[in-house]
Amino acid sequence: MPDTAPPSPVAVAPVLITLQLNGEPTSVAVPPHWTLLELLRYGLGLTGTKQGCDKGDCGTCTVRIDGEPQLACLTLALEVRDRHVETVEGLGVGGEPHPLQEAFARVGAAQCGFCTPGMLMSASAYVDNLTLQDDPVVRREDIAAALAGNLCRCTGYTKILQAVEEVAQVVLDRQREIEESTAEEP
Amino acid sequence: MKPQDPLLHVLGQSVYVDDLPEPAGMLHAAVFGSPIAHGLLRGLDVRQARAIPGVVAIVTAADVPGRNQIGGMVQDEPLLADGAVHFVGQPVACVVATSREAAHRGVAALTADIDELPGVFEPREAHRLGQLIIPSRTMARGDVDAALATAAVVVRGQTRTGSQEHLYLETQGALAVPEEGGRVRIVSSTQAPTAVQRAVAGVLGVGMHDVEVDVTRLGGGFGGKEDQATPWAALAGLAAWLLRAPVKLVLSREDDMRMTGKRHPYDADYAMGLTGDGDIVAWQVEFFQNAGASADLSPAVLERSLLHATASYGIANVRAIGHCCRTNLPPFTAFRGFGGPQAMFVMESALDHAARVLGVDRSVLQQRNLTRTGDVQPCGMPIRSDNAVRTFEQVISQFGFAAKQREIAAFNAANRRFKRGAALMPVCFGISFTTTFLNQASALVHVYTDGSIAVSTGAVEMGQGVNAKIQAAVAGVFGVADARVRLESTNTARAANTSPTAASSGADLNAAAAAQAARAIAERLKSHAAALLECPESAVALADGRVTAHGAATEWTFEKLAQAAYFARVSLSAQAHYATPGILFNRATESGVAFAYHVFGTALTEVTLDALLGTYTIDRVSCVHDVGTSLRRDIDRGQVEGGIVQGVGWMTMEEVVYRDGKLQSANLGTYKVPDILAAPALDVAWLEEPNAPSHVTGKAVGEPPLMYGIGAYFALLNAVRAAGVAADGMLEAPMTPERALLLLCGERP
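Protein chains in written order, with this note's numbering: chain A, 1 to 186; chain B, 1 to 749.
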């Protein structure tokens, strides 16, 4: 029979931190050596963010911290104290899926689905930062640059590009409409 | 947003093994793998590991209550090393702890006492030493010796193709939960639930009915979770059984890359005889397959290489010889294409060689020799289609191959540093398991009294869309919307004796079984409706969610009919079994109808090479693909696009490097797969075939597109040659930028 021994308590005391998590103020006790990925998956039960390599190479653990796409496996949980962390679970708006989520599902940009949450978080950062003033055109190179840290082994990336391109175009078109309607006002 | 899985994926709600809610008292396991490629295992020092807080148990071969054996085709693979180790990473012990962290600490604290023995890593060396897993095989047709002796031109050479890491983004894993009465329930990330069930039952010494295996979905498989998912499920099952506690075992990426087998590296010798006009009259090829330390699926992979020895070409005189060589590397395994890609690379290399000797473009030889109706494959199976020729011609016309070649020649004449290249790649791929008995599937369909429908089959969803195809097939039978049909998890208690979801045949087999079961229920429903409507059964149909009589809608909705049938005590459940008709391959005679049909296609690949640095871009892959009358072309497109990029990766940037049996490319920092910047632009066109043979879901689409990737290698070779380099030595894949640079420098890489 195997050797058995009683489980021992964790040696290091957890630290209580507060953060914004998908828009909600949250306080949670964190073992100080935990990564943000461990906090999300084990501490907060948010398993939408995936563990793919634990070394910052694959991008499946991408979340947004204060809006910027970041790798949760390379971020210490304590680093997000008082910052805003967004995960795929919080991507929808008002109970509706984010347009990127809708587009990914519709065009088939999610096959096995494992890279999808991280891919969506990188894509959402790109789409949210689009402004008519900075750059009025959607370019596939820009999308590719924004998603270069997220590996996908299923799709060959074409449908992912297509989904992000569609949403980006809608975002810019809407900005253009707003601008034009503002310009028409006396 | 109808399809089940894609919606859950984008919402982050899809549950993979590591996402399952943890049962109370769950323990974590991690695996100690051999640090030595070959040696005698004298002992294991567990003292330090046992002292680590949280470590509960250290499981070794001595703890196995049943048989310490998980080999599938050949019983040559111990679950845990016993007396000897045969590859670096071979599981020696399993550390079980209260946390994943403690389990890994425990593994790090283990030391094994191993007397090192010499290792063999090259298949040709293993062949010389007689280290073969099965006796060598020969598939022959015609008289190759006579044809070589009289051929106007004969080229002889050697090739090498490298391994490939599957890199499913979800690593291998399983969660085992002991249940009452000595039963174990295992949730596994496996393509082969029955293989896991059989192995666990054997290891525990219990009946297969004492082991339930459940699979919801995989975060990618690509063949890497066909046999290679079994050890981790069996270790979790063993630990759960011994400790009477739930145990989860999920491999870290590095453990996964180090411990699991990948695509087989092949060495090959070839001899090709041609007429002066370029017709192939003789083809002899000898494959030295690097099988790794145990059989796994290697004999079947080798069999497919032999069956695809002539690739997309019709050749009358053929001799294909295969050696399944045992080495001290992890057991190489199934990977999309399953021996077909390796065989096709040898053929295309020989055509390249012959084209140089004859002074013609390789595409001329390809086109002259394409297989067509009436040709006979090396196994004796006739080719029943001209789609090889049709797809080839359509690519040339639709994507303007001649104009592109002129454009590339002009570009290369005008540029010194950058050189472009293009290549055509035809694919002819046989569909069916070559192990005939695997070509069967069963399905269980329930219609509930509210008209909702649930389907269980043996198919495993891993992103290839098999669930959506089965869903569409069943919904079509009942004349209801797809959304009314739910695909249940793949579970050995609901679908027994399942074949692995592999060989591109998951949809072919399981959708056929599911449609058959659905038809049985639909017939009962229609019969009942005919009685209710007092009209002949032949006048009743199910369409648009209701019953029609004589083509007109009635007041009977599908759900109302289901309820009425239930009250009339009509069975609303059916189980069906499907076996592919008309196939039988005989290993004793190396002949027979190995496949239900062939899938064809042709791709054109264009590349740009920096002749100073050896770096390159794969600019575009355009293909015409033969998918028949598909139920879901959107899904098929995803399979084609993903397959191409994976194939391009195998041929270009993905290089698995072992040194003395130790994996050097053991993480994504050292093993590169195509990212979005490396992926080519893709044009996928379909071969329209008005009288295509009918398949329930269209032709199989999983594997064939991968082999379009071989075109990237030859396009790069053309670009290298455009830089004025002969590149006439042995062809070796992958064409990494490093290898391209060495070629450009005139080195033999």
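Positions of the beta carbon are idealized from the N, C-alpha and C atoms, including for glycine.
Considering only the alpha carbon of each residue, which of the options lies closest to residue i?
i        : options                                : result
B:Arg160 : B:Leu663, B:Ala282, B:Asn290, B:Ala176 : B:Asn290
B:Gly219 : B:Leu604, B:Ala229, B:Met347           : B:Ala229
B:Ala722 : B:Ala678, B:Gly669, B:Gly614           : B:Gly614
B:Phe32  : B:Thr98, B:Gly223, B:Glu254, B:Asp19   : B:Glu254
B:Phe622 : B:Ala441, B:Gly643, B:Gly71            : It is worth fixing the name first, because residue 622 of chain B is Ser in this sequence and not Phe. It is B:Gly643 whose Cα lies nearest to the Cα of B:Ser622.
B:Phe418 : B:Ala49, B:Glu590, B:Tyr616            : B:Tyr616
B:Ala726 : B:Ala733, B:Asn718, B:Glu732           : B:Asn718
B:Val46  : B:Phe87, B:Asp113, B:Val627            : B:Asp113
B:Glu122 : B:Ala176, B:His264, B:Asp508, B:Val285 : B:His264
Please compile the residues from chain A whose C-beta is within a distance smaller than 7 Å of the C-beta of residue i.
i        : result
B:Ser753 : Any property of residue 753 of chain B remains undetermined from this structure, which presents chain B solely from 1 to 749.
B:His9   : Ala110, Gly113, Thr116
B:Gly642 : Gln111, Cys154, Thr155, Gly156
B:Ile396 : Within chain A, no residue comes near B:Ile396; the closest Cβ sits about 23 Å away, beyond 7 Å.
B:Tyr168 : Arg153
B:Asp634 : Gly108
B:Asp5   : Gly113
At what residues does the alpha helix (DSSP H) containing residue i begin and finish?
i        : result
B:Tyr566 : 558-567
A:Glu141 : 140-147
B:Trp241 : 230-243
A:Tyr126 : 116-128
B:Thr391 : 387-398
A:Thr182 : 158-184
B:Arg406 : 401-414
B:Gly421 : It is not in any alpha helix (DSSP H) - B:Gly421 instead sits in the beta strand (DSSP E) that spans 418-431.
B:Ile186 : No alpha helix (DSSP H) holds B:Ile186; the beta strand (DSSP E) holding it covers 183-188.
B:Arg750 : In the structure as shown, chain B starts at 1 and stops at 749, and residue 750 of chain B therefore has no counterpart that could be examined.
Whole angstroms is fine: what's the gap from residue i's alpha carbon to residue j's?
i        : j        : result
B:Val696 : B:Arg519 : 13 Å
B:Gln367 : B:Glu393 : 9 Å
B:Phe429 : B:Ser34  : 38 Å
B:Asp683 : B:Ala472 : 26 Å
B:Ile133 : B:Phe287 : 14 Å
A:Ser122 : A:Gln70  : 8 Å
B:Phe714 : B:Tyr708 : 11 Å
B:Ile52  : B:Ala93  : 16 Å
B:Val640 : B:Glu461 : 17 Å
B:Ala496 : B:Ala201 : 14 Å
B:Ala195 : B:Ala511 : 21 Å
A:Ala105 : A:Pro97  : 10 Å
A:Glu79  : A:Tyr42  : 17 Å
A:Ala144 : A:Leu161 : 7 Å
B:Ile431 : B:Val96  : 42 Å
B:Lys560 : B:His528 : 12 Å
B:Gln756 : B:Thr449 : Nothing in the structure corresponds to residue 756 of chain B, since chain B is present only between 1 and 749.
B:Leu687 : B:Gly162 : 31 Å
B:Thr589 : B:Arg319 : 14 Å
Check the Cβ of residue i against every Cβ in chain B and list those closer than 7 Å, keeping chain order.
i        : result
A:Pro97  : Val10, Leu11
A:Glu89  : Gly12
A:Gln101 : Val10, Leu11
A:Thr47  : Asp19
A:Ala13  : Correct list: empty, because the minimum Cβ distance to chain B is about 15 Å.
A:Ala144 : Ile676, Leu677
So that I know if they touch, is there some Cβ in chain B lying closer than 8 Å to that of residue i?
i        : result
A:Thr182 : no
A:Ala168 : no
A:Ala105 : yes
A:Leu147 : yes
A:Leu199 : For residue 199 of chain A there is no data in the structure shown, the boundaries of chain A being 1 and 186.
Quick check on residue i - is its C-beta less than 8 Å from some C-beta in chain A?
i        : result
B:Asn68  : no
B:Ile383 : no
B:Asn667 : yes
Along the chain, where does the beta strand (DSSP E) that runs through residue i open and close?
i        : result
B:Tyr708 : Per DSSP, B:Tyr708 belongs to no beta strand (DSSP E) and is neither H nor E.
A:Gln70  : 68-71
B:Pro91  : 91-97
Under 9 Å Cβ-Cβ, which residues of chain A neighbour residue i?
i        : result
B:Arg253 : Gln51, Gly52, Cys53, Asp54, Lys55, Asp57, Cys58
Closer than 7 Å: is that where the CB of residue i sits relative to any heavy atom of the ligand SAM?
i        : result
A:Cys154 : In terms of ligand content, the structure shown is empty, and the ligand SAM therefore cannot be addressed.
Since residue i meets chain A, which of its residues come closer than 8 Å, beta carbon to beta carbon?
i        : result
B:Gln646 : Arg153, Gly156
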